[in-house]
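Just below is one structure, and these are the notes that go with it.
In our numbering, the protein residues as written are 765 to 926.
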């Protein structure tokens with residue numbers, strides 16, 4: 765056991781989380797600048813400059829021909845670990861426990877955890893779990909993670925509970 769964690773799952777030099785991918789869509793009826801601001805609000809302010817360098821926007825077409833902009837940002841290494849910790853530590857206790865309770869639906873068994881965050885709340889500076897459509901999608905990659913129990917221990921550690 766290393767730091768209370770089993771040896772089956774391993775920690776990289778940068779931390780437990782190696783990649784964070786954040787994505788969302790902006791409909792034509794939404795203010796694109798506000799959607800980008802909502803995404804920035806779920807990462808630490810000192811990483812906003814990195815966000816500006818790594819994010820991309822793609823123009824897409826919706827089912828009925830409506831214009832949609834897809835925003836994607838991918839962070840690796842220490843930045844990924846910091847963003848994961850930031851998101852997890854800013855979740856309200858109830859949202860965090862709900863996320864833990866539903867890890868069986870969020871964890872793919874191959875090291876990836878999928879979290880859906882309310883876009884509206886993020887714009888207002890809050891991080892709230894949401895299972896609807898108006899969301900920011902966050903994918904956390906934990907190399908070697910194969911069990912829900914392990915993911916829970918890592919998340920509690922990143923949140924500062926362990």
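A virtual CB, placed ideally from N, CA and C, is assigned to each residue, including glycine.
Since this is a predicted model, take the numbers as computed values, not measurements.
Reduced DSSP secondary structure (H/G/I, E/B, other) of residue i
i	result
residue 831	strand
residue 888	coil
residue 906	coil
residue 782	coil
residue 911	coil
Candidates the options: closest to residue i by CA position
i	options	result
residue 919	857, 786, 796	857
residue 806	915, 875, 902	902
residue 835	826, 828, 818	818
residue 867	795, 904, 890, 813	904
residue 898	884, 779, 889	884
Spatial distance of residue i from residue j (CA atoms)
i	j	result
residue 909	residue 848	15 angstroms
residue 800	residue 786	11 angstroms
residue 886	residue 893	10 angstroms
residue 907	residue 914	11 angstroms
residue 860	residue 924	12 angstroms
residue 827	residue 926	46 angstroms
residue 891	residue 882	7 angstroms
Residue burial classification, residue i (beta-carbon count within 10 angstroms, cutoff 16)
i	result
residue 852	buried
residue 822	exposed
Taking the runs of the beta strand (DSSP E) that are 3 residues or longer, which of them lie wholly in the segment 796-882? 820-825, 831-840, 876-882
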